Amino acid sequence: MKLRGRKIVGGKAEGELIVSRKALSFLGGVDPETGIVTDAESDIRGQSIAGKILAFPRGKGSTVGSYVIYALKKNGKAPKAIIVGEAETIVATGAIIAGIPMVDGIDVSRLRSGERVKVDADSGEVEVPEPRE
Numbered sequence: 000m001k002l003r004g005r006k007i008v009g010g011k012a013e014g015e016l017i018v019s020r021k022a023l024s025f026l027g028g029v030d031p032e033t034g035i036v037t038d039a040e041s042d043i044r045g046q047s048i049a050g051k052i053l054a055f056p057r058g059k060g061s062t063v064g065s066y067v068i069y070a071l072k073k074n075g076k077a078p079k080a081i082i083v084g085e086a087e088t089i090v091a092t093g094a095i096i097a098g099i100p101m102v103d104g105i106d107v108s109r110l111r112s113g114e115r116v117k118v119d120a121d122s123g124e125v126e127v128p129e130p131r132e
């Protein structure tokens, strides 16, 4: 199944999904040294986003969150790609400066943690395996 969204940052990635059902704040919510989600309110708290395809409905929090995304990339702990329901300035800017492929306009409720997906941000597509249980 292919989900179509909008390119924010071009590029391609393939890997395991980690999906949050809640908005995510990178400043104070993700450790830039480890890639572990530390936000006490997050449904993926304690999990690592490093080397995974990260999906969540939208970002929240301080503009410094953009720098946290960049720091994740510099530390080798960034996600391979970012999929969001609604791109907002903080996450989009972070993905741009870090060079992380990013797509928005995707219904993240259709995605499941642990699935392997392909992201073609150049065309705004996310390919999800079928059949699904």
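Residue 110 in numbering that gives the first Met the number 0 sits at position 111 of the sequence shown, with consecutive numbering throughout.
All residues carry an ideal CB built from backbone N, CA and C; glycine is no exception.
Keep in mind it's a predicted model, so treat the numbers as computed, not measured.
Look at lysine 21 here: in three-state DSSP terms it is coil, with no helix or strand label.
Across the set Val29, Gly58, Ile52 and Phe55, the C-alpha of Val29 shows the shortest separation from the C-alpha of glycine 45. In the DSSP assignment, methionine 101 is bridged to Val8 and Ile81. By the neighbour-count criterion, in which 16 or more other beta carbons inside 10 Å mark a residue as buried, aspartate 38 falls on the buried side. Counting of Cβ neighbours within 10 angstroms places lysine 79 among the buried residues, the total reaching 16 or more. Annotation for alanine 70: the continuous alpha helix (DSSP H) segment containing it runs 64-73. When secondary structure is reduced to three states using DSSP, valine 107 falls in the helix class.
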